[in-house]
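K.L.:
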Amino acid sequence: KETFDGHQVLRIIPRDEIQLSVIKALEDIIEFELDFWRGVTDVAVPVDVRVPFHSLQSIKIYLETQDIEYSIMIEDLQVMLDEEREEMEAAAR
Amino acid sequence: QPRGTDSFDFSRYHTIDEIYSFQDMLVAENPNLVSKIVIGHSYEGRSLNVLKFSTGGTSRPAIWIDTGIHSREWVTQASGTWFAKKIVTDYGRDPALTNILDKMDIFLEIVTNPDGYHFTHNNNRMWRKTRKPNPGSRCDGVDPNRNWDAGFGGPGASGNPCSETYRGPKAHSESEVKSIVDFVKSHGNFKAFISIHSYSQMLLYPYGYTRTPVRDRDELHALAKKAITDLASLYGTRYKYGSIINTIYQASGGTIDWTYNQGIKYSYTFELRDTGRYGFVLPANQIIPTAEETWLALMAIMNHTVRNPY
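These protein sequence lines map, in sequence, to chains Z and X. The first sequence begins at 467 in the working numbering and counts up one residue at a time. The second sequence begins at 1442 in the working numbering and counts up one residue at a time.
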């Protein structure tokens, strides 16, 4: 079973058209293995992206150097998934 | 196992077997209202079940609702299950729903992507696509919401099998999509088609593949506004609304672009809760509130459809 230890979901807010295109370019970088939960749409509209642990540092540095605002929407995805699973099992019992 | 749908726990997430069992129980309990149609099979051989809610008649105009085409969007399959129970509970009690079902049939596909849904429970909770292998690629699956013959292959879908928005080798290549296409065409009398996704709280109408507004843009826009107003009346959940391309992004090969081009005027797609705390991992205690508020919007669309024959 695939686990998501250390994966974070970042909420990124593009401030202008340039930042929008920078974030959009991330979609094409396969090695980061990013999973866009909410895709790039417009300026000031949040983009939610699941970032694997191995790409976290690179992505955060990249966003910071581009002066792109982001926040951590989900700190550790696996923790949430574990809670979800435990809740399902408890309810089933 | 619950003995009947009355003891089914709608406030938690269920496996595919539990949902299949729920469907069979609902049919058994309501033989004069509900029947199950198997419109095809998934790549891994699972039944593509559609519940038909009908009070009789032949070739009646109909409304289609599907949930779970993106398998990880668990609140949609859970809401679909709740909708099914709501229909049988409210028929004969709620005058608006009774009026709809006295004139039209409702078809509900709760698990539109069953292989993906099973995979989310057993292998990868974040799986979104179908499960068919792609020859020559290490990556499996196709995005079934980019696989329809509506601007297929255009911008807003990927040709890379490893992408979450991989469109597939050709339009309707996925049995999960082709089965709906064949069913909708053979039925020939669908008047509304509502495809339900999560998350980000939006109600959208065509198009996604082109900026050209649909012919019925003004009516669809006004109806979307009414639907989200009704939705918000319950818990204050705020939705955006508009065409796909203007509200989310350009997306080619999408479900409701195809249905609209087939002549189904009231074609809508939802993005249910939430706004950005849990994403696809919406806690189970939000299933029923989500389903309840969405039901109000569905009723607005279904009511409008029955009152405005075309």
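We treat Cβ as the ideally placed atom computed from N, Cα and C, and that holds for glycine.
(1) Using a C-beta to C-beta distance shorter than 9 Å, which residues of chain A count as neighbours of residue 506/Z?
(2) Per DSSP, what are the beta-bridge partners of residue 1508/X in this structure?
(3) Where are the beta strand (DSSP E) runs, 3 residues long or more, that stay fully inside the segment 1487-1538 of chain X, in chain order?
(4) Taking residue 1531/X as the reference, which of 1484/X, 1474/X and 1483/X has the closest Cα?
(5) With DSSP as the reference, label residue 528/Z as helix, strand or coil.
(6) Cβ closer than 8 Å: which chain X residues qualify as neighbours of residue 547/Z?
(7) Take every Cβ of the segment 1628-1639 of chain X, pair it with every Cβ of the segment 1658-1678 of chain X, and state whether three or more of those distances are shorter than 8 Å.
(8) Any chance the segment 1520-1527 of chain X sits against the segment 1456-1469 of chain X, with 3 or more Cβ pairs inside 8 Å?
(9) Jot down the residue ranges of each uninterrupted beta strand (DSSP E) in the segment 1533-1579 of chain X, minimum 3 residues, whole runs only, in chain order.
(10) Drop a sphere of 10 angstroms on the beta-carbon of residue 1596/X, count the other beta-carbons inside from all chains shown, and report buried for 16 or more, exposed for fewer.
(11) Name the residue from 1591/X, 1686/X and 1621/X whose alpha carbon lies nearest to the alpha carbon of residue 1608/X.
(12) When you compare the segment 1495-1513 of chain X with the segment 1548-1563 of chain X, are there three or more beta-carbon pairs, one atom per stretch, that lie closer than 8 Å?
(13) If you compare alpha carbons, which of 1723/X, 1657/X and 1571/X is closest to residue 1618/X?
(14) Anything in the segment 527-542 of chain Z with a Cβ closer than 8 Å to a Cβ of chain X? List those residues in chain order, please.
(15) I'd like to know if residue 512/Z contacts chain X, where contact means its C-beta is closer than 9 Å to some C-beta of that chain.
(16) Where does residue 1751/X land, buried or exposed, given buried means 16+ other C-beta within 10 angstroms?
(17) Return the chain-ordered list of same chain residues with a C-beta closer than 6 Å to the C-beta of residue 1734/X, the five sequence neighbours on each side being excluded.
(18) On the CB-based measure, 16 or more other CB atoms within 10 Å of its CB, does residue 1527/X come out buried or exposed?
(19) Which residues mark the beginning and the end of the beta strand (DSSP E) in which residue 1713/X is found?
P.N.:
Taking the definition as stated:
(1) In the structure shown, chain A does not exist; the protein chains are Z and X.
(2) 1637/X
(3) 1488-1494 and 1503-1508
(4) 1474/X
(5) helix
(6) 1566 and 1722
(7) no
(8) yes
(9) 1546-1550
(10) exposed
(11) 1591/X
(12) yes
(13) 1571/X
(14) 539 and 540
(15) yes
(16) exposed
(17) 1672, 1675, 1676 and 1678
(18) buried
(19) 1707-1713
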